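*Asks:* In full-length UniProt numbering, the protein residues as written are 1 to 407.
Cβ coordinates follow ideal geometry from the N, Cα and C atoms, glycine included.
No experiment lies behind these values; they were computed from the predicted model shown.
Sharing a structure below in structure tokens format, with a few things to ask.
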């Protein structure tokens, strides 16, 4: 019994010591934290400086005390600027950019990037193409030199063209397995039917197979002009130094067009419509809904992005600690008979003066939730739309129910 008393006394003493060591702040009710205003948040954002070269190329930078920097060239070129004949040429050119220039073979370009410990990459969208490098700030002169060489002197060797042709076709086959990519290609095809925004970035496989060196060279000379380029940098970058380097390595990019080759941006319209593609062999239905909203130039764009972040996303395969409470309404859908949403996400894409909001939800077969959308009197138009595919078969999609609606 004495031993028992000693044990209890030791336990009580340990608990007292633990309470004494515990931080007082952990015992108090958390204080209500005030939210910083938008103006207060902007005080910590570096100033953006923008300059214009004589040839029309814009130079923008945000300087910070970081020892690294990210520098890139953004070009107003993408599938929106393409025709049915050359759709996919911009994506093809982006693939060829790192395969060598007139001054550097592909292997030499890779070695120069690796010697700096830098990261070189590129991507294409419907409205712009970007080439960028992440490197140490001290290597800024070499970074701008490499970017200038890439966007001006792409070699377009026949051997590399044929090699990348096969690479792109394989990528298209891989993209066919991504239901999200498939759904949104169909969504663009119907929401922007009859306009260039309906075209996919990579273009149809028929174009990829037949685009020639002459086609790519013509596309390059037509669209890679200085007034359509922005050299942007952020990090440990001094603006005047960046401006001097831009003048040295990008100042000779042409800015004039031949009289009959000035590209015109075709207006795009948003058409409220509906498209469904069914394949019962696949286990899920992917539903995407698009609504028209403000674009980059609208003052409501920032508010829309904040709302998009608040909505967040949900995936039933996530652990309970990962799913945000902001989308706690989505698990409620799981309890509805026949609903069974597997995942949910919301995000937006901006195009010029307009934007589109996407909502993607995945359902198992037999769900009744998609049927609720059919009861809504959506404005509908009927047109033949298609999606680029690496194979001749277009029935690659699972049961896709895509709605594009206007207010």
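With distances taken Cα to Cα, identify the nearest neighbour of residue 449 among 181, 107, 173, 234.
*Replies:* Residue 449 lies beyond the range of the chain shown here (1 to 407); nothing can be said about it.
*Asks:* Output the distance between the C-alpha atoms of residue 304 and residue 292, rounded to the nearest integer angstrom.
*Replies:* 12 Å
*Asks:* From the DSSP output, read off the bridge partner residues of residue 74.
*Replies:* Beta bridge pairing from DSSP links residue 74 with 130, 230.
*Asks:* Is it the case that the Cβ atoms of residue 122 and residue 89 are separated by a distance below 8 Å?
*Replies:* no
*Asks:* Between the region 248 to 258 and the region 198 to 213, do at least 3 Cβ pairs fall closer than 8 Å?
*Replies:* no
*Asks:* Can you find at least 3 beta carbon pairs, one from the region 45 to 61 and one from the region 215 to 224, that sit closer than 8 Å?
*Replies:* no
*Asks:* List the endpoints of the continuous beta strand (DSSP E) containing residue 457.
*Replies:* Past the boundaries of the shown model lies residue 457; the chain is included only from 1 to 407, so the question cannot be answered.
*Asks:* Applying the 10 Å Cβ sphere with the 16-neighbour rule, what's the burial state of residue 59?
*Replies:* buried
*Asks:* Is the separation between the beta-carbon of residue 239 and that of residue 107 shorter than 8 Å?
*Replies:* It is not a contact, given that the beta carbons lie outside the stated cut-off.
*Asks:* Does the Cβ-Cβ distance between residue 56 and residue 227 come in under 8 Å?
*Replies:* yes
*Asks:* Apart from the five residues just before and just after residue 69, which ones in its own chain have a Cβ nearer than 8 Å to its Cβ?
*Replies:* Correct list, in chain order: 134, 135, 136, 137, 140, 143, 233, 234, 235, 236, 237.
*Asks:* Under a three-way DSSP split, which group does residue 206 fall into?
*Replies:* Residue 206 falls in the helix class under three-state DSSP.
*Asks:* Whole angstroms are fine: how far does the CA of residue 178 sit from the CA of residue 229?
*Replies:* 32 Å
*Asks:* Are the Cβ atoms of residue 72 and residue 130 separated by less than 8 Å?
*Replies:* yes
*Asks:* Could you check how far apart the C-beta atoms of residue 184 and residue 288 are, in whole angstroms? I think they sit under 8 Å.
*Replies:* 6 Å
*Asks:* Using the Cβ count rule (16 or more neighbours within 10 Å means buried), how would you classify residue 146?
*Replies:* buried
*Asks:* Could you tell me the boundaries of the alpha helix (DSSP H) in which residue 118 lies?
*Replies:* Premise fails: residue 118 is in no alpha helix (DSSP H) and is neither H nor E.
*Asks:* Quick one: grab the DSSP three-state call for residue 294.
*Replies:* Assigned with DSSP and collapsed to three states, residue 294 falls in strand.
*Asks:* Please classify residue 269 as buried or exposed, where buried requires at least 16 neighbouring CB atoms within 10 angstroms.
*Replies:* exposed
*Asks:* How would you label residue 261, buried or exposed, when you count the other beta carbons within 10 angstroms and need 16 or more for buried?
*Replies:* exposed
*Asks:* Using beta-carbon positions only, say whether residue 191 and residue 273 come within less than 8 Å of one another.
*Replies:* yes
*Asks:* Name the DSSP bridge partner or partners of residue 105?
*Replies:* Answer by DSSP bridge pairing, in chain order: 100.
*Asks:* Grouping DSSP H, G and I as helix and E and B as strand, with all else coil, what is residue 190?
*Replies:* helix
*Asks:* Whose C-beta lies closer than 6 Å to the C-beta of residue 196 among residues of the same chain, with five residues either side of it excluded?
*Replies:* 80, 266
*Asks:* Looking at residue 167 and residue 176, is the spacing between their C-beta atoms short of 8 Å?
*Replies:* no
*Asks:* When you compare only the Cα positions, how much space is there between residue 334 and residue 295?
*Replies:* Because the pLDDT of residue 334 is 48, which lies under 50, any placement of that residue in the model is unreliable, and the question is left without a value.
*Asks:* Give me the residue from 158, 85, 285 with the minimum Cα distance to residue 207.
*Replies:* 85
*Asks:* Output the boundary residues of the alpha helix (DSSP H) element that contains residue 164.
*Replies:* According to the DSSP assignment, residue 164 belongs to the alpha helix (DSSP H) that extends over 158 to 175.
*Asks:* Need the endpoints of the alpha helix (DSSP H) that residue 222 sits in, please.
*Replies:* 213 to 223
*Asks:* Which value, in whole angstroms, describes the spacing of the CA atoms of residue 42 and residue 154?
*Replies:* 40 Å
*Asks:* Suppose contacts are defined by Cβ-Cβ distances below 8 Å. Is residue 275 in contact with residue 186 by that definition?
*Replies:* yes
*Asks:* Which stretch, first to last residue, makes up the alpha helix (DSSP H) that contains residue 143?
*Replies:* 140 to 152
*Asks:* Determine whether the beta carbon atoms of residue 92 and residue 171 lie at a separation below 8 Å.
*Replies:* no
*Asks:* Output needed for residue 280: all residues of its chain with C-beta closer than 6 Å, excluding positions within five of it in sequence on either side, in chain order.
*Replies:* Nothing meets the Cβ criterion.
*Asks:* How far does the beta strand (DSSP E) with residue 60 in it reach, from first residue to last?
*Replies:* It spans 58 to 63 - the beta strand (DSSP E) in which residue 60 sits, taken as one unbroken run.
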